[in-house]
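Asker: So the sequences go chain by chain: A and B. Counting in this note's numbering, the first sequence runs from 1 upward without gaps. Counting in this note's numbering, the second sequence runs from 1 upward without gaps. Take a look at this one; I'll ask things after.
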Amino acid sequence: GDSVTQTEGLVTVTEGLPVKLNCTYQTTYLTIAFFWYVQYLNEAPQVLLKSSTDNKRTEHQGFHATLHKSSSSFHLQKSSAQLSDSALYYCALSEPSGSWQLIFGSGTQLTVMP
Amino acid sequence: GGIITQTPKFLIGQEGQKLTLKCQQNFNHDTMYWYRQDSGKGLRLIYYSITENDLQKGDLSEGYDASREKKSSFSLTVTSAQKNEMAVFLCASSIPQGTGNTLYFGEGSRLIVV
Numbered sequence: 001g002d003s004v005t006q007t008e009g010l011v012t013v014t015e016g017l018p019v020k021l022n023c024t025y026q027t028t029y030l031t032i033a034f035f036w037y038v039q040y041l042n043e044a045p046q047v048l049l050k051s052s053t054d055n056k057r058t059e060h061q062g063f064h065a066t067l068h069k070s071s072s073s074f075h076l077q078k079s080s081a082q083l084s085d086s087a088l089y090y091c092a093l094s095e096p097s098g099s100w101q102l103i104f105g106s107g108t109q110l111t112v113m114p
Numbered sequence: 001g002g003i004i005t006q007t008p009k010f011l012i013g014q015e016g017q018k019l020t021l022k023c024q025q026n027f028n029h030d031t032m033y034w035y036r037q038d039s040g041k042g043l044r045l046i047y048y049s050i051t052e053n054d055l056q057k058g059d060l061s062e063g064y065d066a067s068r069e070k071k072s073s074f075s076l077t078v079t080s081a082q083k084n085e086m087a088v089f090l091c092a093s094s095i096p097q098g099t100g101n102t103l104y105f106g107e108g109s110r111l112i113v114v
């Protein structure tokens, strides 16, 4: 079945250094949308980025991601990690089936160290 | 803006007990969802509803019932609580956006089975 894979469960990075969270997917649909959600401790998950256009960079709050349908990827990147970026990050695939319901990856816990 | 309110924040029950979680949204969104959050497993869909009195099963619906009696509320019942069901349950709502729906989440309800 269709799926989303986040290979790293835990990522630790030093403040000021770049960070990359990997996300790949499998789908049978050509028209899709992709999301990154962030969940800070004891808070609700909230949308960080959304994209449905192939090869177009999307940016928000210093993070960026590009949907690459050729490699089935939507990796999240930031050039300089901040302590406040420490959180749980989910990537999610939205397909036309089931009213565009989301298929979530298993999540990556990002810890930014001083 | 709007808000999603989940009650209770913590629900403690005994094994075999029937337990109900409630969710209210004031976004006036049509579609509502219940997800289960387990560490390392991401968010898995239990039930969703595209309008009042509609119910659609997700991948994890076995052992759960849901009810959408009003547009603004969506409840989830664990029919017979088991210790391996201890998790955080997240309610969300969305409106159609063409390609992909952005979900807005509540802060979650933690189920503890003793």
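Cβ atoms here follow ideal geometry from the backbone N, Cα and C, with glycine treated the same way.
Does the stretch 19-36 of chain A come into contact with the stretch 89-102 of chain A, if we say contact requires no fewer than three beta-carbon pairs (one atom in each stretch) closer than 8 Å?
Answerer: The stretch 19-36 of chain A, when compared against the stretch 89-102 of chain A, does touch it at the 8 Å Cβ threshold.
Asker: Would you mind stating whether Leu11(B) and Leu111(B) have Cβ atoms separated by less than 7 Å?
Answerer: Contact flag set, yes.
Asker: From Leu76(A) to Gly16(B), what does the alpha carbon distance come to, in whole angstroms?
Answerer: 42 Å
Asker: With a threshold of 7 Å between beta carbons, is Val47(A) in contact with chain B?
Answerer: yes
Asker: Excluding the five sequence neighbours on either side, which residues of its own chain have a C-beta within less than 8 Å of the C-beta of Ala66(B), listed in chain order?
Answerer: Trp34, Ile46, Tyr47, Ser49, Leu55, Phe74, Ser75, Leu76 and Thr77
Asker: Note down, in chain order, every chain A residue with its Cβ under 7 Å from the Cβ of Lys41(B).
Answerer: Ser106
Asker: Kindly list, in the order they appear in chain A, the residues whose Cβ is closer than 9 Å to that of Leu55(B).
Answerer: Those do not exist, as Leu55(B) stays about 13 Å from chain A at its closest Cβ, beyond 9 Å.
Asker: Which word fits Thr27(A), buried or exposed, when buried means at least 16 other C-beta atoms lie within 10 angstroms of its C-beta?
Answerer: buried
Asker: Going by DSSP in three states, Leu21(A) sits in which element: helix, strand or coil?
Answerer: Leu21(A): strand per DSSP, three-state reduction.
Asker: Within the 7 Å Cβ cut-off, does Glu107(B) reach chain A?
Answerer: yes
Asker: Note down, in chain order, each residue of its chain lying with its Cβ closer than 6 Å to the Cβ of Leu49(A), except the 5 sequence neighbours on either side.
Answerer: Take Leu49(A), set aside five residues on each side of it, and the residues of its chain with a beta-carbon closer than 6 Å to its own are Trp36, Thr58, His60 and Ala65, in chain order.
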